[in-house]
């Protein structure tokens, strides 16, 4: 029982706000204790479930886990728990697999949409990120009844990854400036100035976003096309600045300048705002103003996304100097080595979590996005089965 209490205190410490030093100390002490107790526990079956529970919590605390992945892990782990009600366990498996069957149909549907109009073929230079985009949508809206909303969000995620590849790899600087201008104007007539592959991409994006806005207009009587167009334009301006840094057209940024641009370029704001509208969020002037001025509930998930993404950058890539990211910028600004820079980024991530905790109860879906990011860049591979499937048998 004492061990369970300590584990509960460890989990609770991750709910801290800024300035709650007692919870910070609790996190430090309980983390150390749990790591030590793992080394001391024997390998008998009596402790197997508790050991697995502790390991799981030390990897990703409960507060930061995704529901669908956590459900799968817990169902598997319950087999090792004494006193498990096997009837309830079988019922949990059945419910999980029913939900999975709905998600599999969703994946087939969005795959058909991406391939049937020939978008995948015409934009074949782009990475095949269909499954990753599917995962992002599921992380935000995993419940079976949200199938139609997930379809829209997956389309948004697919456009983001495709356009990101255009700015990172495929497009010339002059082409990127033309495409950024076209999206900022959101004018169909501008398409004639674009190269063919960009025409296809712009028209597909234009039609898809306008269709989403039309659905919102019919339900709520408010035209959100200007709002959505501005979202995409702001993200592409951030893409363009990063492209200029990479091509050395402008001086490399200081850390603060990089982060101010990077939390916009990482696409979190675009995904979260589209999620809000797809779920038929209210259209009051106050809410719309918060969304379009990038309220802090949009900023903190985006910052954590960017910093986690940068932490995943390999040491070799940083050493080559071809990548502008938070680690390299912090190293250059402060004259520290890579390991010191990485530790600082982790501190910033913890700080962003505390700020996010304060906003938690105001925007549940944004919080789901935050958990998705943490899972993706932490231990997500351990939570999938060996063949990459989430199906249970």
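Numbering (my numbering), first residue to last: 139 to 531.
Ideal placement from N, C-alpha and C gives every residue a C-beta, glycine not left out.
- In the displayed model, residue 360 falls within coil according to three-state DSSP, outside both helix and strand.
- Look at residue 225 here: in three-state DSSP terms it is helix.
- Put simply, the backbone Cα of residue 407 is about 13 Å away from that of residue 398.
- Following the DSSP letters along the chain, one finds residue 414 inside the alpha helix (DSSP H) bounded by residues 406 to 416.
- Exclusion of the five residues before and after residue 245 leaves 272 as the residues of its chain whose Cβ lies within less than 7 Å of its Cβ.
- Residue 402 is positioned such that its CB atom lies closer than 7 Å to that of residue 376.
- Taking 7 Å as the cut-off, the beta carbon of residue 332 is found closer than this to the beta carbon of residue 316.
- Residues 438 of the same chain have their beta carbon placed closer than 6 Å to that of residue 493, with the five preceding and five following residues left out of the count.
- Taking a C-beta distance under 7 Å as the contact criterion, residue 268 and residue 300 do not qualify as a contact pair.
- A check of alpha carbon separations from residue 241 across 359, 292, 391, 252 identifies 292 as the nearest.
- Looking at the backbone, the Cα of residue 413 and that of residue 429 are separated by about 12 Å.
- Residue state for residue 169 is assigned as helix, using DSSP reduced to three classes.
- Taking a C-beta distance under 7 Å as the contact criterion, residue 450 and residue 465 do not qualify as a contact pair.
- Three or more Cβ pairs closer than 8 Å define a contact, and the segment 226 to 239 falls short of that threshold against the segment 192 to 203.
- Counted as a single uninterrupted DSSP element, the alpha helix (DSSP H) harbouring residue 396 occupies residues 393 to 403.
- By the beta-carbon neighbour count (other beta carbons within 10 angstroms, threshold 16), residue 168 is buried.
- Three or more beta-carbon pairs separated by less than 8 Å link the segment 204 to 217 to the segment 276 to 294, which places the two stretches in contact.
- By the 16-neighbour rule on beta-carbons within 10 angstroms, residue 210 is buried.
- In this structure, DSSP gives residue 388 a state outside helix and strand, which the three-state scheme calls coil.
- Under the three-state reduction of DSSP output, residue 300 falls in the helix class.
- Around the Cβ of residue 379, a 10 Å sphere holds 16 or more other Cβ atoms; the residue is buried.
- With a cutoff of 7 Å on beta-carbon distance, residue 481 and residue 155 are scored as not near each other.
- Each of 285, 491, 188 was checked against the Cα of residue 434, and the nearest Cα belongs to 491.
- Membership of residue 437 in the alpha helix (DSSP H) is indicated by the continuous run 434 to 449.
- In the three-state scheme derived from DSSP, where H, G and I count as helix and E and B as strand, residue 152 is classed as coil.
- The C-alpha of residue 417 lies about 27 Å from the C-alpha of residue 445.
- For residue 489, the enclosing alpha helix (DSSP H) covers residues 476 to 497.
- Between residue 471 and residue 354, the beta carbon gap of about 43 Å keeps them out of contact (Cβ cut-off 8 Å).
- Nearest Cα to residue 218 within the set 189, 462, 165, 249: 189.
- Counting only residues of its own chain and dropping the five nearest sequence neighbours on each side, residue 411 has a CB closer than 8 Å to the CB of 365, 366, 369, 429, 436.
- Between residue 287 and residue 350, the beta carbon gap of about 10 Å keeps them out of contact (Cβ cut-off 8 Å).
- Non-local C-beta neighbours of residue 145 in its own chain, meaning closer than 8 Å and more than five positions away in sequence, comprise 168, 172, 191, 192, 195, ordered along the chain.
- Residue state for residue 267 is assigned as coil, using DSSP reduced to three classes.
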